[in-house]
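Residue numbers (the numbering used here), protein chains in the order written: chain A, 9 to 155; chain B, 9 to 155.
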């Protein structure tokens, strides 16, 4: 959790940080009252500008997921895990829908997609790590002959 | 093909247009020599600024997928379908990997993901249409009890 960001992702770094905190709340890894790393600490860990981390924390506060205790740090709010879980599930469902529709439009078959999903489930660790070469290699495979 | 863009997507409109052309080449819907709609026509169809469509066409030309015949229009290049198919498959695999890793991080189970994928496969039409409410409703479902 909050181990890395992918500077080559299509998703902005501040959004990757916001998502990771939300995923951790949704999965129960972060609970009410838990403290987030300080802005300086996280900026160093990810090797990004502290303003980027500050933006993520500010957004998370506006969304109601965290609160700031001045001089103390940033903490997870209570009674937000259900709402957070629903938001995360809605976001994932929506992105999954988009990528599957893209795949269909590009002529990728349902069985290929299911195989790729299996491999992704087995291999995936952090959402914002580089895509494993085993997954990218699937792109080179000859698609099955058309019916 | 090229029927709509989603102004509420996280993906910029010009990128949605570029992707749709690439998916159509990858799936064989657009073939070498086929003509794309004129910039004005597509801008009207999508109700977007002609400059947006012009950017997509320019990018597609830089990528080598289309060429412009002055006074005639924009046409699909030859011998690019294999490269285009590979690029599309790589992009889909990479995005599928990301969303599955996000789902895992958010505590969504493999079996839930497979169910959602089934529904997406059954319902999806255009990648840049609104996510169907049946898919978004999955977010509200009570996740199965933790083991």
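Cβ atoms here follow ideal geometry from the backbone N, Cα and C, with glycine treated the same way.
Check, Outcome
"Taking 9 Å as the CB-CB limit, is residue 79 (chain B) close to chain A?", "no"
"Alpha carbon to alpha carbon, how far is residue 155 (chain A) from residue 118 (chain A)?", "Low local confidence applies: a pLDDT of 46 at residue 155 (chain A) is under 50, so the model's placement there is unreliable, and no value is given."
"Rounded to whole angstroms, what is the Cα-Cα separation between residue 137 (chain B) and residue 13 (chain B)?", "7 Å"
"Could you tell me the boundaries of the beta strand (DSSP E) in which residue 3 (chain A) lies?", "An answer regarding residue 3 (chain A) cannot be provided, because it is not within the stretch 9 to 155 covered by chain A."
"Restricting to Cα atoms, I'd like to know which of A:27, A:102, A:73 and A:80 is closest to residue 129 (chain B).", "A:102"
"Going by beta-carbon coordinates alone, are residue 100 (chain B) and residue 145 (chain A) separated by less than 9 Å?", "no"
"Closer than 9 Å, CB to CB, is residue 45 (chain B) near chain A or not?", "no"
"In the DSSP assignment, the beta strand (DSSP E) including residue 74 (chain B) goes from what residue to what residue?", "74-77"
"Any beta carbon from chain A within less than 9 Å of residue 49 (chain B)'s own beta carbon?", "no"
"Whose C-alpha, out of A:96, A:104, A:116 and A:109, is nearest the C-alpha of residue 115 (chain B)?", "A:96"
"List the residues that DSSP assigns as beta-bridge partners of residue 48 (chain B).", "Paired residues: none, contrary to the question."
"Give the C-beta separation of residue 135 (chain A) and residue 113 (chain B) to the nearest angstrom, bearing in mind that I take them to be a contact with Cβ-Cβ under 8 Å.", "6 Å"
"Any idea if residue 24 (chain A) is buried or exposed, counting beta-carbon neighbours within 10 angstroms, 16 or more meaning buried?", "buried"
"Kindly indicate if chain A contains any beta-carbon less than 9 Å away from that of residue 105 (chain B).", "yes"
"Mind listing the chain A neighbours of residue 64 (chain B)? Cutoff is C-beta to C-beta under 9 Å, in chain order.", "Within 9 Å Cβ-Cβ: nothing; residue 64 (chain B) doesn't reach chain A, min ~16 Å."
"Could you list which residues in chain B have their beta carbon closer than 7 Å to that of residue 25 (chain A), in chain order?", "Correct list: empty, because the minimum Cβ distance to chain B is about 13 Å."
"Are the beta-carbon atoms belonging to residue 47 (chain B) and residue 73 (chain B) less than 9 Å from one another?", "no"
"Can you look up residue 2 (chain B) in the DSSP assignment and give me helix, strand or coil?", "Lying before the first or after the last residue shown, residue 2 (chain B) is absent from chain B, which here runs from 9 to 155."
"Are residue 123 (chain A) and residue 36 (chain A) touching if we call contact CB-CB under 9 Å?", "no"
"Does the distance from the C-beta atom of residue 81 (chain A) to that of residue 43 (chain A) stay below 9 Å?", "yes"
"Can you find the residues in the same chain that come closer than 7 Å, C-beta to C-beta, to residue 131 (chain A), ignoring five residues on each side of it along the sequence?", "140, 142 and 143"
"Quick one: list the residues of chain B neighbouring residue 146 (chain A), beta-carbon separation under 8 Å, in chain order.", "97 and 101"
"Given a threshold of 16 other Cβ atoms within 10 Å of its Cβ, counted over all protein chains shown, does residue 105 (chain A) qualify as buried or as exposed?", "buried"
"Which of the three DSSP states is assigned to residue 43 (chain A) in this structure?", "strand"
"Does residue 10 (chain A) pass the burial test, meaning 16 or more other C-beta atoms within 10 Å, or should it be called exposed?", "buried"
"Using 9 Å as the threshold, is the C-beta distance between residue 148 (chain B) and residue 94 (chain A) below it?", "yes"
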